[in-house]
Amino acid sequence: MAKILVTGGAGYIGSHTCIELLAADHEVIVLDNLCNSSEEALLRVQDIATKVMTFVQGDIRDSAALDRLFQTYAIDAVIHFAGLKAVGESQKFPQLYFDNNIAGSLSLFNAMEKAGVFKLVFSSSATVYDEANVSPLNETMPTGTPSNNYGYTKLMVEQILQKLQQADERWSIALLRYFNPVGAHKSSRIGEDPQGIPNNLMPYLTQVAVGRREKLSIFGNDYDTADGTGVRDYIHVVDLANAHLCALNNRLNQTGCRVWNIGTGKGSSVLELKNTFEQVNGIEIPFEFSPRREGDVATSFADNTRALSELGWKPQYSLKDMLADSWNWQKQNPTGFN
Ligand code: NAD
Ligand code: UDP
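Mapped onto the numbering used here, the consecutive letters of the sequence shown carry residue numbers 18 to 355.
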């Protein structure tokens, strides 16, 4: 059992990870400014886990608040989810993204160093890979120049962490490159609750299914893929949450900075996802084909063999599970946590 600080713990992936941490008897301290989440998610996490956590409402850019937090709780390790993640918004407001995601992360790492805490799991993304790489993407392939400012912040923080670790070997860092997290906890009490119009496919699709949006726009049907639509590696958020526990255990016993892909290793097209959703949930999804979205690649899926062999992690959920769980969450919470 360890004391874990979870930044961004009220968010989509963070809340699911808190459940798994509590189930594994860790003590959880969540730091979140609730800019893209609600405290209700944390109350539900505690309900589901039948355990309590500590919630500190605050910002990772607030160094004084971080120092107080590390002085109050004898933290063993940090899982760092806090960040902004909307690609379009990052193009409009680059400074906001650099400040929140890069400066915010630096402020956290400074506070950790001051407090003598050197174990860290960081939320990175498959978007850091060079677009020229051919899937399956593995961790030895080169990173590129991300097509948007959000992706750039992930790459920058990865590189900062690699350099921190090179300079001071007390750091033990896991860089988890997520593919496409979807799905929700089996209880349907927590799930993805984006503000405004969803950017991502799955929440958009479930909002069409629940009647909040008229139809799904499929961005491009002329890609070089089996059916012409984009292929991605969808991973159940509970499997992703469990990958954090495995990475944490790995880091509690080792030093270094190591990258792991967290995906299922299987690609699914947008059409396949829509059709399977209709079949699994018995709901028809109105849709139209529209032009490609700028910055999208045709195909992206993981080679996950490193995570399987080094972390002892294995995804448990199928695409059908992901689609059923996403829908159950949306159906039972049509307006999210509101
Ligand atoms: P989310 O928005 O649901 O969760 C992020 C949480 O961080 C929110 O609760 C938000 O209020 C909090 N937060 C943001 N800035 C903060 C700050 N300055 N101080 C304190 N709290 C702050 O997003 P998510 O989908 O759970 O993603 C978690 C992490 O994983 C993010 O870093 C994201 O970039 C990364 N990631 C997500 C995906 C995805 O598709 N969901 C894919 C790859 C990587
Ligand atoms: N997509 C789509 N319609 C939408 C949102 C996404 O057709 O409303 C497609 C997108 O072009 C990509 C896939 O769905 O091929 C996954 O997109 P998402 O934004 O969920 O994740 P990404 O892989 O781009 O981070």
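Beta carbons are placed, not taken as given, at the ideal position from N, Cα and C, and that holds for glycine.
Discussion item. Closer than 7 Å to a non-hydrogen atom of ligand 1 - does that hold for the CB of F98?
Written reply: yes
Discussion item. In the DSSP output, which residue or residues are listed as bridge partners for L137?
Written reply: Paired residues: V95, I190.
Discussion item. Tell me the DSSP secondary structure of G105 in three-state form.
Written reply: helix
Worksheet item: Between the region 183 to 191 and the region 148 to 161, do at least 3 Cβ pairs fall closer than 8 Å?
Response: Contact between the region 183 to 191 and the region 148 to 161 is absent, because fewer than three Cβ pairs lie under 8 Å.
Worksheet entry | Per DSSP, the bridge partner or partners of Y273 | The residue you asked about is not Tyr; residue 273 is Gly in the sequence shown. Note: G273 sits in a beta bridge opposite S189.
Discussion item. As a quick exercise: from V276, V23, I279, pick the residue whose alpha carbon is nearest that of L86.
Written reply: V23
Worksheet item: Applying the criterion that 16 or more other CB atoms from any shown protein chain within 10 Å of the CB defines a buried residue, is K337 buried or exposed?
Response: exposed
Worksheet item: Start and end of the beta strand (DSSP E) containing K331?
Response: Note, K331: premise wrong, no beta strand (DSSP E); not H, not E.
Worksheet item: Can you find a heavy atom of ligand 1 that lies under 7 Å from the Cβ of N278?
Response: no
Worksheet item: So is the beta-carbon of I214 under 7 Å away from any non-hydrogen atom of ligand 2?
Response: no
Discussion item. Can you tell me whether P215 is buried or exposed? The criterion is at least 16 other CB atoms within 10 Å of its CB, across all chains shown.
Written reply: buried
Discussion item. Nearest by alpha-carbon distance to D2: which of L262, G299, W188 is it?
Written reply: Residue 2 is absent from the structure shown; the chain starts at 18 and stops at 355.
Practice prompt. Can you tell me which of the three DSSP states Y29 falls into?
Written response: helix
Worksheet entry | I235, enclosing beta strand (DSSP E) - first and last residue | That run of the beta strand (DSSP E) goes 233 to 236.
Discussion item. Please identify the residue among A243, V69, D64, L113 whose C-alpha is closest to the C-alpha of E289.
Written reply: A243
Practice prompt. Reducing DSSP to helix, strand and coil, say where Q74 ends up.
Written response: strand
Worksheet item: What are the uninterrupted segments assigned as alpha helix (DSSP H) that are 4 or more residues long and contained completely in the region 238 to 317, given in chain order?
Response: 254 to 269, 287 to 298
Worksheet item: Which first and last residues belong to the alpha helix (DSSP H) in which K203 is found?
Response: First-last for K203: undefined, no H or E at that position.
Discussion item. Rounding to the nearest angstrom, what Cα-Cα distance links V104 and N165 in this structure?
Written reply: 7 Å
Practice prompt. Answer yes or no: the CB of R78 versus the heavy atoms of ligand 1, is any distance below 7 Å?
Written response: yes
Discussion item. Between the alpha carbons of L265 and N217, how many angstroms are there, rounded?
Written reply: Approximately 28 Å between the Cα atoms of the pair.
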